[in-house]
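One line per chain: the protein sequences are A and B, in this order.
By the count of my numbering, the first sequence reaches residue 1062 at its end, each step adding exactly one.
By the count of my numbering, the second sequence reaches residue 334 at its end, each step adding exactly one.
For each residue, glycine too, the CB sits at the ideal point set by N, CA and C.
These numbers were taken from a predicted model, which means no experiment stands behind them.
Heads up, the thing below is written out as structure tokens.
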Amino acid sequence: DGGITQSPKYLFRKEGQNVTLSCEQNLNHDAMYWYRQDPGQGLRLIYYSQIVNDFQKGDIAEGYSVSREKKESFPLTVTSAQKNPTAFYLCASSIRGTGFEKLFFGSGTQLSVL
Amino acid sequence: AQTVTQSQPEMSVQEAETVTLSCTYDTSESDYYLFWYKQPPSRQMILVIRQEAYKQQNATENRFSVNFQKAAKSFSLKISDSQLGDAAMYFCAYRSAMAGANSKLTFGKGITLSVRP
Chain A
949 DGGITQSPKY LFRKEGQNVT LSCEQNLNHD AMYWYRQDPG QGLRLIYYSQ
999 IVNDFQKGDI AEGYSVSREK KESFPLTVTS AQKNPTAFYL CASSIRGTGF
1049 EKLFFGSGTQ LSVL
Chain B
218 AQTVTQSQPE MSVQEAETVT LSCTYDTSES DYYLFWYKQP PSRQMILVIR
268 QEAYKQQNAT ENRFSVNFQK AAKSFSLKIS DSQLGDAAMY FCAYRSAMAG
318 ANSKLTFGKG ITLSVRP
């Protein structure tokens, strides 16, 4: 079945540690996105990529990094510079040609700080 | 910048009754898309319904329908014949229709809907 797979489901980070969240899609979608969800805050865009080897910062990119070496994969690294990383992270994708207006979401990763 | 406001943090509805969730947005653009997403306890985001701003007709999807008031910048979701499975968090979202725009959705803060049996 086609879809978006995020792993792991739960992740714990120690102080000063970088961690990487995985996002893979087999929908052949062009664009991929990372959103952060905090309680009472809704979803905020971290980074997005419309094409391989290209990505743009979203509204809250500081302390995060991404890569887009393959169309299917868009990993997110939460660096030690992100001082408040505890949140629920959602990856999404969309297809070119219709204005990218419909997003398909993964099941998310809950990141917590030890 | 566009903003999306969901002013009601929580709502409750009796099973089989109808409930309306409110959403307002602010934009200077004339062409855009509006969405309602559902996030059940599993936390998977599910698209409920979408509306193109250039269409005057309100979108409907089975028990879900919207009341789109472009001049008032209002986009409410009506859930008819509420079911226990409708209990979730609902997010209103906006996206510009401009080609090459940021390709991002702007979300409201969400509303938690509970359904009473």
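At a Cβ-Cβ threshold of 8 Å, B:Y311 and B:Y242 count as neighbours.
When DSSP states are grouped into helix, strand and coil, B:D248 belongs to the coil group. Within chain B, the residues placing a beta-carbon under 7 Å from that of A:F1036 are R260, ordered along the chain. The alpha-carbon of B:T244 is positioned some 12 Å away from that of B:T222. Here A:S1021 has E972 as same chain residues with Cβ atoms under 6 Å from its own Cβ, once five neighbours each way along the sequence are excluded. At least one C-beta of chain A is nearer than 8 Å to the C-beta of B:L264.
Taking the Cα positions, B:R267 is about 15 Å away from B:G325. For A:S1055, the residues of chain B that pass the 8 Å Cβ criterion are S259, R260 and Q261, in the order they occur in the chain. Nearest Cα to A:P1033 within the set A:Y981, A:N966 and A:A1040: A:N966. Under DSSP, B:E278 takes part in a beta bridge, and its partners are B:F281. Boundaries cannot be given for A:F1022, as no beta strand (DSSP E) includes it and DSSP labels it neither H nor E. Interface annotation, B:F308: in contact with chain A, CB-CB separation under 8 Å.
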